[in-house]
Each structure stands twice: as structure tokens, then as C-alpha cells.
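K.L.:
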């Protein structure tokens, strides 16, 4: 894949925003990515119809973060809160897009969150999501929206959690599959102008296969003038991959979406344990 083909591959980056810390991390990561790829940022805030319906029920109550006293939740109050969240998200996007000098737009829709995000994702090349929204599901898990969108979206997906930056070392998992080759090309594109090496995790069936994969990667990266540092995952317990990535100092890890070694459920579990991952389809 040429640089021009890759640039055409990722031209529009959708960011699903709810003003939570994790979604703002997804915005930061998406903006950095957009700046490197000269892509456009598309911000989306969804007014959750389920919240609005729940707020209209006579028995609806909420417990504040600073007080344990339940308070009546009404639809007008929820409308105001959602508008305030949308305004915070818009301001954050304007600030971050301005700093990174990328083109951007922002819109608000109302409906089922996952459905609205998926509909918008059909017009994007990549979607950036926080690992969870305001309701944190627990350490090592994806939130329900991230889980649902990732499982159904057909575009590339970037998942981030609070505190991560793309400035950290970039890594890629390579197993020779078609999506791994696309992941490698994406990684090489992101390494342009950087002096640090790309971290390459070789996911082979055995030592001989890993050597074959290494030769493939070296040939591709030499053509793009990118240095590499290799880690052979042969014999590594794949349930420990997130720990292996951290030990190697990887920041953003680029993963193939259709790896025979990382089927759907296993890939989702891995994503839940990672700080920042770009899944290439």
C-alpha cells in the first residue's frame, strides 16, 4: 500500500464524545492521529434517549457524586444536563482541533447511543472511542457502548483511556494476515519523521514462522525507511499480551482486526486491558 492509498484509507475520523475523561482521551488521540494523516475530525455527541425516557418516569432518582441523598430526576433537568455536556464536548473539540490544526466539525443527535454512533461510523474511515463513558465498567473491561460499536463497526477503531498520548512508542502486532499487513502499513505511516524505532510484535506459529514474518516486515519497513525493534511472541501466553506490551514500553499498539490468533472475544478482552489500541480492519 502506497502512502497515497493509506491517506485515502483514513481521511475522516469520527470521535464519539460524551465529555467523560475517557472520551476526551479518545479525542486527544484522534486529533494527534488526524494531524499525522492530514485527516478530518468529525465530533458526535448523542443525547441518550434511554436517559431521557428514564428521567420522565415518576420514580426516577439520581444519587450525586458528592452526596448520598437521592434526588428526583426529571426530563427537563436531564435535557439541560445533556445540553451542558454537549457544549463541554464542543468546546473541548474546538480547543484540541485548534491546537493540532486539523479540520473539524461537531454535531449532536438524539437516539440509542450505539445505534447513532454506528450510523455515523458508516461515513467514516476510523472511529475513536473512549474505553468507557461516565459509567466505568471496571478495570480491564470495555464499556457497553465501546463493546457494541467495536463489534459491529466496519471501519478501523481507536480505543483510548484517560492519560494516554500517542507520543509514546508506537507498536504493531504482525502475523502475516491481510489485516496485519494493513496494520503494518498504518504503523509505518505514523512513524514518518520519528527517530524512535517501531516496535514490532511477531505473532508466529513457531520460530521458523516468526523468522519468515520478520523478513516480511523488514522488507516493507526498509522500503519506507522505518527502523524496527522486534519482539517474538512465539510461546507467549496470549492472555498476557497486554502485560507484554507494557513491559516493552509500547504506547499506541496497532492490532489486526482479523487475526486467526486473536479471535473476536479474545481481542475484545485484550482491548479491555490496554491503554490505547488502534484496530485495523
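Residue numbers (our numbering): 36 to 316.
Glycine included, C-beta positions come from ideal geometry on N, C-alpha and C.
Since residue 197 and residue 60 are thought to touch, with beta carbons under 8 Å apart, how far apart are those beta carbons, to the nearest angstrom?
P.N.:
As a working note, residue 197 is residue 162 in the chain shown. As a working note, residue 60 is residue 25 in the chain shown. At roughly 5 Å, the Cβ-Cβ gap stays under 8 Å, so residue 197 and residue 60 are in contact.
K.L.:
Straight-line CA distance for residue 116 to residue 81?
P.N.:
Counted from its first residue, the chain shown places residue 116 at position 81. Counted from its first residue, the chain shown places residue 81 at position 46. Answer to the nearest angstrom: the Cα atoms are 13 Å apart.
K.L.:
Among 135, 232, 160, 238, whose alpha-carbon lies nearest the alpha-carbon of residue 284?
P.N.:
As a position in the chain shown, residue 284 is number 249, starting the count at 1. It is 232.
K.L.:
Counting only the same chain and skipping the five closest in sequence on each side, list residues whose C-beta sits under 6 Å from that of residue 304.
P.N.:
Here residue 304 is taken as the residue at index 269 of the chain shown, counted from 1. Closer than 6 Å at Cβ, skipping near neighbours: no residue.
K.L.:
Can you look up residue 54 in the DSSP assignment and give me helix, strand or coil?
P.N.:
Counting from one through the chain shown, the residue named residue 54 turns up at place 19. The answer is coil: DSSP assigns residue 54 none of H, G, I, E or B.
K.L.:
Since residue 159 and residue 47 are thought to touch, with beta carbons under 8 Å apart, how far apart are those beta carbons, to the nearest angstrom?
P.N.:
Working through the chain shown from its first residue, we reach residue 159 at position 124. Working through the chain shown from its first residue, we reach residue 47 at position 12. Between residue 47 and residue 159 the Cβ distance is about 5 Å, and since that is below 8 Å, they are a contact.
K.L.:
At the level of alpha carbons, what is the spacing between residue 229 and residue 185?
P.N.:
Sequence index remark: in the chain shown, residue 229 carries index 194 (1-based). Sequence index remark: in the chain shown, residue 185 carries index 150 (1-based). Going by the C-alpha atoms only, they are around 29 Å apart.
K.L.:
Ignoring anything shorter than 4 residues or poking outside the segment 171-225, list the alpha helix (DSSP H) runs there in chain order.
P.N.:
Runs found: 179-187, 213-225.
K.L.:
Out of 111, 210, 254, point me to the one whose CA is closest to residue 242's CA.
P.N.:
Indexing the chain shown from 1 puts residue 242 at position 207. Residue 242 has its Cα closest to that of 210, out of 111, 210, 254.
K.L.:
What residues in its chain sit with their C-beta under 8 Å from that of residue 84, if we drop five residues either side in the sequence?
P.N.:
Along the chain shown, read from residue 1 onward, the residue named residue 84 stands at position 49. Excluding residues within five positions, the ones whose Cβ falls inside 8 Å are 145, 146, 147.
K.L.:
When you compare the segment 246-253 with the segment 287-298, are there three or more beta-carbon pairs, one atom per stretch, that lie closer than 8 Å?
P.N.:
Short answer: they don't touch.
K.L.:
Could you check what DSSP says for residue 131 in three-state terms: helix, strand or coil?
P.N.:
Taking the first residue of the chain shown as 1, we reach residue 131 at position 96. Residue state, collapsed to three classes: helix.
K.L.:
On the premise that residue 139 lies in contact with residue 75, defined as a C-beta separation below 8 Å, what is that separation, rounded to the nearest angstrom?
P.N.:
Here residue 75 corresponds to residue number 40 of the chain shown, with the count starting at 1. Here residue 139 corresponds to residue number 104 of the chain shown, with the count starting at 1. Confirmed, Cβ separation roughly 7 Å.
K.L.:
Can you list, in chain order, the residues of its chain whose CB lies under 6 Å from that of residue 218, leaving out five sequence neighbours each side?
P.N.:
Mapped onto the chain shown, residue 218 falls at position 183. Result list for residue 218: 207, 289, 291, 315, in chain order.
K.L.:
Output the boundary residues of the beta strand (DSSP E) element that contains residue 162.
P.N.:
Position 127 of the chain shown, counted from the first residue, corresponds to residue 162. Here the beta strand (DSSP E) through residue 162 covers 161-165.
K.L.:
With H, G and I counted as helix, E and B as strand and the rest as coil, what does DSSP make of residue 261?
P.N.:
Here the question's residue 261 lines up with position 226 in the chain shown. Here residue 261 sits in coil by DSSP.
K.L.:
How should residue 120 be labelled, buried or exposed, when 16 other C-beta atoms within 10 angstroms of its C-beta is the threshold for buried?
P.N.:
Numbered from its first residue, the chain shown carries residue 120 at position 85. Buried is the call here.
K.L.:
Look at the alpha carbon of residue 298 and the alpha carbon of residue 49, and state the distance between them as a whole number of angstroms.
P.N.:
Within the chain shown, the letter at position 263 stands for residue 298. Within the chain shown, the letter at position 14 stands for residue 49. Taking the straight line joining both Cα atoms gives about 25 Å.
K.L.:
Rounded to whole angstroms, what is the Cα-Cα separation between residue 234 and residue 300?
P.N.:
Position 199 of the chain shown, counting from 1, holds the residue named residue 234. Position 265 of the chain shown, counting from 1, holds the residue named residue 300. Roughly 25 Å between the two C-alpha positions.
K.L.:
What residues match up with residue 83 in a beta bridge as DSSP calls it?
P.N.:
Position 48 of the chain shown, counted from the first residue, corresponds to residue 83. According to DSSP, residue 83 bridges with 146.
K.L.:
Expressed to the nearest angstrom, what Euclidean distance is found between the alpha-carbon atoms of residue 201 and residue 191?
P.N.:
Locating residue 201 in the chain shown gives position 166, where the first residue counts as 1. Locating residue 191 in the chain shown gives position 156, where the first residue counts as 1. Looking at the two C-alpha atoms, the distance is approximately 16 Å.
K.L.:
Give the DSSP bridge partners of residue 282, in chain order.
P.N.:
Numbered from 1 along the chain shown, position 247 holds the residue referred to as residue 282. DSSP output for residue 282 lists no bridge partner at all.
K.L.:
Per DSSP, what kind of secondary structure is residue 230 in: helix, strand or coil?
P.N.:
The residue you call residue 230 lines up with position 195 of the chain shown. Reduced to three states, the DSSP call for residue 230 is coil.
K.L.:
Is the beta carbon of residue 132 sitting closer than 8 Å to the one on residue 166?
P.N.:
Here residue 132 is taken as the residue at index 97 of the chain shown, counted from 1. Here residue 166 is taken as the residue at index 131 of the chain shown, counted from 1. For residue 132 and residue 166, no; Cβs fall outside 8 Å.
K.L.:
Measuring straight from C-alpha to C-alpha, what distance separates residue 124 and residue 154?
P.N.:
Position 89 of the chain shown holds residue 124. Position 119 of the chain shown holds residue 154. So the alpha carbons of these two residues sit roughly 20 Å apart.
K.L.:
Decide if residue 258 is buried, meaning its Cβ has at least 16 other Cβ atoms within 10 Å, or exposed.
P.N.:
Residue 258 sits at position 223 when you count from the first residue of the chain shown. It counts as exposed.
K.L.:
Counting only the same chain and skipping the five closest in sequence on each side, list residues whose C-beta sits under 8 Å from that of residue 127.
P.N.:
Within the chain shown, the letter at position 92 stands for residue 127. So the list reads 52, 54, 59, 62, once near-sequence residues are dropped.
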